[in-house]
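Residue numbers (this note's numbering), protein chains in the order written: chain A, 18 to 335; chain B, 250 to 477.
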């Protein structure tokens, strides 16, 4: 068949298909004329290529087939409440499935933290290796028991601190994840560095006797924030592990598969960072709340978070 | 064709749809537009927020965070795979199988931009793009995504007009494309170089040499785009 007669024969189908593609893009297309016309276009594309019709026709059919393919196979699932489903089931399940990675990340973060905090009780001068004199002075001022608003510089408003915590902490979380692409080394760096810094601040302030203002300030947001750091770290380590030991897959396939899982941990980390920023900006600096109430709230948040990650969502059917 | 960069997506209908991955230059231009746009928005927020004191500063910090990390992913999910810069350059992000990009992949590739940026100005990303067949940066590898040119609808050829000439034998698709490309570029070539290239077509231009060979090929190109 000549190209011209092929075109006149099928032109009406192509323009009908084009019209379906043009109208509202959100409407579901798994029914009606759409799939039939799409398959016709695919058939025509195969014929046009095989018969070596002109490039213009082949390009046009290719573009039509691609747009149809995107609509037909790229459609979003129909399930509702995807967000609730994710946070109530999928995330805690994913954390438990990846528990080896999550526990490794926790170890890499909490071990330096605890070691430094304890070591500073015995060897206080060691803090000079970890924090600059300026940072030490800042810490002293912020957590001075005489300060009515511990943890914040008096001039900063709560909303500003909230924005700062989002901008700074979530960024660090994202970088910890991204560092996994460097064979996990970037993640390792951020986990250990954050552990050392937090441990140094905690150890130093406890040692100089500012323990109560410090621990009562951090008690509230410690659960979501430290867990978020660990989850970002786990996500990064997952990427790094896929690159170092891809198993039976190619590195490329292993990386893509790991990223699909890791990014869910990042969603969880981002949500926890945001929650932590709220607590840290609006609850932790409240000077009128007695320390033991803050400790209690912190303990409740830790147990709630651990119970959430440890128990919710059941198991995947195997 | 060995040199062709087309990425073929096999579909359940048993055909391959061709995608055209975009190279570093187009993507860098899109990035530049996006970056200028983000800076512009941030500057506008910063100036407007200056009136609001500390609350304004808070607003600026939050905007900086969203524009840096989430805005590109949001655009790619909501606007047919394109940030404003990509839209301007006619690019879009798709999954490796050609389907529209969704949140997990969009977020993965945009968060991993931090690594592509290292050690400075996207050097890692550039090297990865040059080393991969489909011009993927590291984030694209992890997310399983491609940046492709939005498919052209065809029919926009810039072939210099000449009397149409039917080829002596049917031409394959690749041959047709080669002749059209030659005709489109002939205006930018010197006459000698054009003739030299046209003579490669051998039997198609028959015994013609020099300018006559160029003329014949352009004539065939006119026939291919359907001119009489």
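No residue lacks a Cβ here, since even glycine has one placed at the ideal position from N, Cα and C. All values reported here derive from a predicted model rather than from experimental measurement.
Contacting residues, own chain, Cβ-Cβ under 6 Å from residue i (five flanking each side not counted)
i: residue 321 of chain B; result: 332 and 359
i: residue 70 of chain A; result: 20
i: residue 272 of chain B; result: 384
i: residue 357 of chain B; result: 391 and 392
i: residue 463 of chain B; result: 443, 444 and 447
i: residue 294 of chain A; result: 179, 182 and 183
i: residue 296 of chain A; result: 237 and 238
i: residue 299 of chain A; result: 175
i: residue 367 of chain B; result: 373
i: residue 352 of chain B; result: 326
Residues near residue i in its chain [Cβ-Cβ closer than 7 Å; skip 5 each side]
i: residue 27 of chain A; result: 61
i: residue 308 of chain A; result: 229 and 233
i: residue 165 of chain A; result: 304
i: residue 335 of chain A; result: Here the model assigns residue 335 of chain A a pLDDT of 44, short of 50, so the residue's position is not dependable and the matter cannot be decided.
i: residue 387 of chain B; result: 361, 364, 365, 373, 374 and 377
i: residue 330 of chain B; result: 341, 342, 343, 349 and 350
i: residue 325 of chain A; result: 109
i: residue 459 of chain B; result: 444
i: residue 141 of chain A; result: 224
i: residue 312 of chain A; result: 233 and 236
i: residue 354 of chain B; result: 344, 392, 393 and 394
Chain-ordered chain A contacts of residue i [CB-CB under 8 Å]
i: residue 439 of chain B; result: Near residue 439 of chain B there are no residues of chain A at all, since even the closest Cβ is about 26 Å away, more than 8 Å.
i: residue 474 of chain B; result: 71 and 73
i: residue 306 of chain B; result: 177 and 180
Contact belief for residue i with residue j at Cβ below 8 Å, rounded distance in angstroms
i: residue 107 of chain A; j: residue 330 of chain A; result: 7 Å
i: residue 209 of chain A; j: residue 129 of chain A; result: 5 Å
i: residue 39 of chain A; j: residue 81 of chain A; result: Rounded, the Cβ-Cβ distance is 12 Å, inconsistent with contact.
i: residue 323 of chain B; j: residue 336 of chain B; result: Rounded, the Cβ-Cβ distance is 14 Å, inconsistent with contact.
i: residue 289 of chain A; j: residue 223 of chain A; result: With 8 Å as the limit, residue 289 of chain A and residue 223 of chain A do not qualify as a contact, their Cβ atoms being about 25 Å apart.
i: residue 147 of chain A; j: residue 213 of chain A; result: 6 Å
i: residue 220 of chain A; j: residue 134 of chain A; result: 4 Å
i: residue 440 of chain B; j: residue 338 of chain B; result: Their Cβ separation, rounded to whole angstroms, is 33 Å, which puts residue 440 of chain B and residue 338 of chain B out of contact at 8 Å.
i: residue 254 of chain B; j: residue 269 of chain B; result: 7 Å
i: residue 354 of chain A; j: residue 143 of chain A; result: Here chain A comprises residues numbered 18 to 335, so residue 354 of chain A is not present and cannot be evaluated.
Within chain B, the residues that residue i reaches when beta carbons sit closer than 9 Å
i: residue 151 of chain A; result: Result: empty, since nearest Cβ-Cβ is about 22 Å, beyond 9 Å.
Own chain partners of residue i with C-beta closer than 8 Å, once the 5 adjacent residues on each side are dropped
i: residue 274 of chain A; result: 259 and 266
i: residue 75 of chain A; result: 62, 65 and 66
i: residue 7 of chain A; result: The structure shown does not extend to residue 7 of chain A, since chain A is modelled only from 18 through 335, so no value can be given for it.
i: residue 291 of chain A; result: 183 and 187
i: residue 280 of chain B; result: 334 and 371
i: residue 58 of chain A; result: 30, 31, 34, 78, 81, 82 and 85
i: residue 369 of chain B; result: none
Under 7 Å from the C-beta of residue i: neighbouring residues of chain A
i: residue 262 of chain B; result: 56 and 59
i: residue 286 of chain B; result: Those within 7 Å of residue 286 of chain B in chain A number zero; the least Cβ separation is about 20 Å.
i: residue 393 of chain B; result: 273
i: residue 353 of chain B; result: 277 and 280
i: residue 419 of chain B; result: 69
Interface partners of residue i on chain B, CB under 7 Å
i: residue 91 of chain A; result: 348 and 349
i: residue 79 of chain A; result: 266, 267 and 400
i: residue 319 of chain A; result: Going along chain B, no residue has its Cβ under 7 Å from residue 319 of chain A, so there is no contact; the nearest lies around 27 Å.
i: residue 75 of chain A; result: 422
i: residue 181 of chain A; result: 310
Within chain B, the residues that residue i reaches when beta carbons sit closer than 8 Å
i: residue 184 of chain A; result: 310, 311, 313 and 314
i: residue 294 of chain A; result: Chain B residues near residue 294 of chain A: none, gap ~10 Å exceeds 8 Å.
i: residue 86 of chain A; result: 258, 260, 266, 347 and 348
i: residue 112 of chain A; result: Per Cβ cutoff of 8 Å: no residues; residue 112 of chain A is ~17 Å from chain B at best.
Per-residue contacts from residue i into chain D (C-beta, under 8 Å)
i: residue 387 of chain B; result: Judged by its chain identifiers, the structure shown contains no chain D, and its protein chains are A and B.
Against chain A, which members of the region 424 to 449 of chain B pass a CB distance test of less than 9 Å?
Against chain A - using a Cβ distance shorter than 9 Å - the residues of the region 424 to 449 of chain B are 424, 425, 426 and 429.
What are the residues of the region 309 to 320 of chain B that lie near chain A, defined by any Cβ-Cβ distance shorter than 7 Å?
310, 311, 313, 314 and 318
Contact the region 248 to 257 of chain A vs the region 370 to 377 of chain B: 3+ CB pairs below 8 Å:
Counting Cβ pairs under 8 Å, fewer than three are found: no touch.
Could you check whether the region 457 to 474 of chain B touches the region 413 to 420 of chain B, counting it as contact only if at least three pairs of C-beta atoms, one from each stretch, sit closer than 8 Å?
The answer is yes - the region 413 to 420 of chain B touches the region 457 to 474 of chain B, with three or more Cβ pairs under 8 Å.
Residues of the region 22 to 34 of chain A with Cβ closer than 7 Å to any Cβ of chain B, in chain order
Those would be none; no residue qualifies.
Can you list, in chain order, the residues of the region 54 to 72 of chain A whose Cβ is nearer than 7 Å to any Cβ on chain B?
Listed by position, the residues of the region 54 to 72 of chain A near chain B (Cβ gap below 7 Å) are 56, 59, 62, 63, 66, 69, 71 and 72.
At least three beta-carbon pairs within less than 8 Å, the region 116 to 129 of chain A to the region 195 to 214 of chain A:
yes
Residues of the region 186 to 209 of chain A in Cβ contact with chain B at a cutoff of 9 Å, in chain order, please.
187, 188, 191, 192, 194, 195, 196, 197, 198, 199 and 203
Chain A contacts made by the region 357 to 383 of chain B, where a contact means CB separation under 7 Å
357, 360, 361, 363 and 364
Is there contact between the region 48 to 67 of chain A and the region 315 to 323 of chain A, where contact requires at least three CB pairs shorter than 8 Å?
no
Could you tell me whether the region 282 to 298 of chain B touches the region 387 to 401 of chain B, using the rule of 3 or more Cβ pairs below 8 Å?
no
Contact residues within the region 252 to 281 of chain A, judged by C-beta distance below 7 Å to chain B:
256, 269, 272, 273, 276, 277 and 280
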